[in-house]
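Protein chains in written order, with this note's numbering: chain F, 176 to 274; chain G, 176 to 274. Think of the CB as a built atom: it goes at the ideal place given N, C-alpha and C, for glycine as much as any other residue. Quantities reported herein were computed from a predicted structural model and do not represent experimental measurements.
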DNA sequence: TTTGTCTACTTTGTAGTACAAAGTACTTTT
DNA sequence: AAAAGTACTTTGTACTACAAAGTAGACAAA
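What follows is the structure, given as structure tokens:
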């Protein structure tokens with residue numbers, strides 16, 4: 176019995192997998208960087224970020240930079256752990272494929 | 176710019192990724208085998224199968240076995256191609272993760 | 001013989017989700 | 001001071017995943 180059900184759905188969604196992946200590569204980044212990197216709409220990105228924050232997977236820092244708001248995000252310990260678990264499971268699944 | 180958007184959503188859903196993975200391992204299998212292997216409800220499995228068939232990713236063969244209906248599924252060429260593309264993209268994404 | 005149970009699915013109703021359009025708040029330009 | 005721009009957030013809608021309920025035939029018991 177292959178365990179597809181345990182793939183964390185909070186991470187599995189492409190946009191959120193993207194956010195988590197980007198944040199695994201750098202300690203933190205801001206809204207516009209994510210928006211550019213993932214090529215999503217403001218609204219979509221914002222709601223996905225909120226979900227990840229609510230889950231405790233990322234922390235948010237708001238400052239003013241050049242008189243403009245600037246919000247940056249980084250993975251929490253929990254977020255790193257959950258991403259790590261997700262990656263392990265997904266890698267196992269991909270290995271199962273014989274194509 | 177990482178290309179998370181191009182992950183084929185018809186394959187990405189866990190149950191359907193499961194179906195495709197199982198069918199990449201064996202030429203064909205039947206409804207009950209998928210149900211057991213993926214641990215899903217009848218209804219859920221049925222609708223996911225229909226989606227994959229509508230997309231042309233798998234073909235369906237219905238017979239009677241011991242006076243009971245028996246339906247088996249196998250990947251089409253298109254299905255194999257799309258799975259292959261998905262796997263490549265997902266592997267690239269997983270490689271990006273630094274955790 | 002008809003009532004009930006079993007297998008093997010399919011259809012349908014609902015609750016939840018992803019997305020972009022619209023909205024907010026502040027700044028800069030004209 | 002009116003308009004346009006930046007940096008987001010909130011909201012409405014269209015879609016989706018899921019299981020409960022439904023269908024159809026086989027066999028069993030009453």
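* Asked: chain G beta carbons: is any one of them nearer than 7 Å to that of residue 221 of chain F?
  -> no
* **DSSP three-state assignment for residue 239 of chain G, whether helix, strand or coil** => strand
* Asked: What are the boundary residues of the alpha helix (DSSP H) that includes residue 271 of chain G?
  -> 252–271
* Asked: Which term fits residue 257 of chain F, buried or exposed, when burial requires 16 or more other beta carbons within 10 angstroms of its beta carbon?
  -> buried
* What first and last residue would you give for the alpha helix (DSSP H) that runs through residue 227 of chain G? -> 217–229
* Would you please verify whether the beta carbon of residue 257 of chain F is less than 7 Å from any beta carbon of chain G? => no
* Inter-stretch contact at 8 Å, needing at least 3 Cβ pairs: the stretch 201–221 of chain F / the stretch 207–222 of chain G -> no
* To do: Answer with yes or no whether the minimum CB distance from residue 272 of chain F to chain G is below 7 Å.
  => yes
* Would you say residue 331 of chain G reaches chain F, if we count a Cβ-Cβ gap shorter than 7 Å as a contact? -> Because chain G is modelled from 176 through 274, residue 331 of chain G falls outside the range shown and cannot be assessed.
* Can you name the start and end residues of the alpha helix (DSSP H) that residue 213 of chain F belongs to? -> 206–213
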